[in-house]
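With positions in the sequence shown counted from 1, the corresponding number in the working numbering is that position plus 27.
This report concerns only the one structure given below.
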Amino acid sequence: KIQTAKKIAAVGTTVTRVLEHLARDRKLEACDGETDIFIYPSYEFKVISALQTNFHLPCSTLMMLVSAFATRDLIMEAYAKAVEEKYRFYSYGDCMLII
Numbered sequence: 028k029i030q031t032a033k034k035i036a037a038v039g040t041t042v043t044r045v046l047e048h049l050a051r052d053r054k055l056e057a058c059d060g061e062t063d064i065f066i067y068p069s070y071e072f073k074v075i076s077a078l079q080t081n082f083h084l085p086c087s088t089l090m091m092l093v094s095a096f097a098t099r100d101l102i103m104e105a106y107a108k109a110v111e112e113k114y115r116f117y118s119y120g121d122c123m124l125i126i
């Protein structure tokens, strides 16, 4: 059903990378393997339309991926609000949904 989905929400950056890797070859189907995909600002997403993820470290490749999905300015605005509201960051903290 993923082949015909109008919108796909990725839960996590790993899922995002896997789905975007598979989309390069237009083969969204079960498989095993590895990926070398590196998602950073200016990347054009092929299948992901929403992303749920944690608040990542500021100078990390995961922050680059999140900034590619939204804009860096929007992400930094969300982070500022998260700090203001005392959200928990990193792997076991709070998360955000970017639509």
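Note that the Cβ used here is the ideal one computed from N, Cα and C, for glycine as well.
For residue 102, the enclosing alpha helix (DSSP H) begins and ends at 99-111. With 16 or more other CB atoms across the displayed protein chains lying within 10 angstroms of its CB, residue 40 is buried. Taking the CA atoms as reference points, residue 113 sits about 21 Å from residue 87. Taking C-alpha positions only, residue 111 is separated from residue 51 by approximately 39 Å. DSSP places residue 62 outside both helix and strand once states are collapsed to three, so it counts as coil. Taking the Cα positions, residue 45 is about 24 Å away from residue 116.
Looking only at 68, 107, 62, the smallest Cα-Cα distance to residue 91 is reached by 68.
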